[in-house]
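Trainee: Numbering (the working numbering), first residue to last: 3 to 198. The C-beta atom is built at its ideal place from N, Cα and C for all residues, glycine as well. Right, I'll just put the structure down here and ask away after.
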Amino acid sequence: MSDPLFDAEDDAATPLTPEERRDLLPTYITTRAQLNEVEQIGIANADVWAFRRRRDVLDEAFLLALHKRMLGKVWRWAGGFRTTERNIGVEAYKIGLELRMLLDDVRYWIANATYPADEIAVRFHHRLVWVHPFPNGNGRHARMAADLLAVSLGQPRFTWGSVNLVEPAATRAQYVAALKAADGHDLAPLLTFARS
């Protein structure tokens with residue numbers, strides 16, 4: 003049976019389990035467009051909150067709070083690590099460890115000027131997406147976290163294709179292709195896309 007709320011997901015979107023789908027908080031949402039709209043409102047509010055003052059984006063508690071701020075009025079599981087396996091990301095039981103290793107790596111890169119500031123932020127984004135700590139919203143969360151890191155390193159926010167990455171589909175496909183290239187250790191397309 004077709005579900006207009008969840009069947010419209012693209013191939014690159016993280017599918018939710020039936021249990022995670024039941025954790026949708028607003029009961030009036032019946033279509034993907036409504037879900038996208040209410041999620042975007044939460045993301046916009048989280049953006050204002052996150053950029054209002056200096057934040058330590060390399061703090062696990064902050065990253066969880068950021069996800070909660072972004073999606074907490076939409077999903078009951080927002081701000082908590084996923085507990086189920088996915089076709090992307092590390093095994094659920096490794097999320098905490100991998101996230102701590104990522105945060106330690108980024109602190110080292112910054113302290114030792116291992117890479118230019120943009121590259122540090124884009125590497126952070128890519129690894130955060132690769133860990134895939136949440137049931138959903140990982141790309142949106144990682145983009146905002148990378149923006150916060152870039153700003154803390156004295157750089158402007160990234161433009162990420164200058165659109166919201168839901169529409170147009172071609173821009174989202176370009177972003178996903180850049181992530182896949184980074185999976186293969188070619189960071190150039192993601193660096194270019196982040197500033198496009």
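Quick one: grab the DSSP three-state call for Leu26.
Mentor: strand
Trainee: Grab me the residues of His127's own chain with a C-beta within less than 6 Å of its C-beta, minus the 5 sequence neighbours each way, in chain order.
Mentor: Ala144 and Ala148
Trainee: Let me make sure I understand the geometry here. Which of His187, Phe53, Arg142 and Asp185 has the alpha-carbon closest to that of Arg174?
Mentor: Arg142
Trainee: Ala94 and Arg78 look like a contact to me (Cβ under 8 Å); what is the Cβ gap, rounded to whole Å?
Mentor: Contact doesn't hold; Cβ gap of about 17 Å is too wide.
Trainee: Run the CB neighbour count on Arg57, radius 10 Å, all protein chains shown included, and call it buried at 16 or more, exposed below.
Mentor: buried
Trainee: Name the DSSP beta bridge partners of Trp77, please?
Mentor: Leu26
Trainee: What span of residues does the alpha helix (DSSP H) with Ala180 cover, start to end?
Mentor: Element bounds for Ala180: Ala171 to Asp185.
Trainee: What residue from Asn47, Glu87 and Gly91 has the CA that sits closest to His134's CA?
Mentor: Gly91
Trainee: Can you name, in chain order, every residue of its own chain whose Cβ lies under 6 Å from the Cβ of Ala172, other than the five neighbours on each side?
Mentor: There are no such residues.
Trainee: What residue from Thr16, Gly139, Pro118 and Leu27 has the CA that sits closest to Ile45's CA?
Mentor: Gly139
Trainee: Among the candidates Pro137, Gly163 and Met146, whose CA atom is the shortest distance from the CA of Val50?
Mentor: Met146
Trainee: Give every residue of the same chain whose Cβ lies closer than 7 Å to the Cβ of Leu130, excluding the five residues on either side of it in the sequence, and list them in chain order.
Mentor: Closer than 7 Å at Cβ, skipping near neighbours: Leu104, Ala144 and Ala147.
Trainee: Taking the alpha carbon of Arg159 as the point to measure from, which residue in His187, Arg197 and Leu181 has its own alpha carbon closest?
Mentor: Arg197
Trainee: What separation, rounded to the nearest whole angstrom, lies between the Cα atoms of Ala80 and Met72?
Mentor: Between Ala80 and Met72, the C-alpha separation is close to 8 Å.
Trainee: Does Ser154 come out as helix, strand or coil in the three-state DSSP assignment?
Mentor: helix
Trainee: Can you give the Cα-Cα distance for Arg23 and Ala115, rounded to whole angstroms?
Mentor: For Arg23 and Ala115, the distance between alpha carbons rounds to 42 Å.
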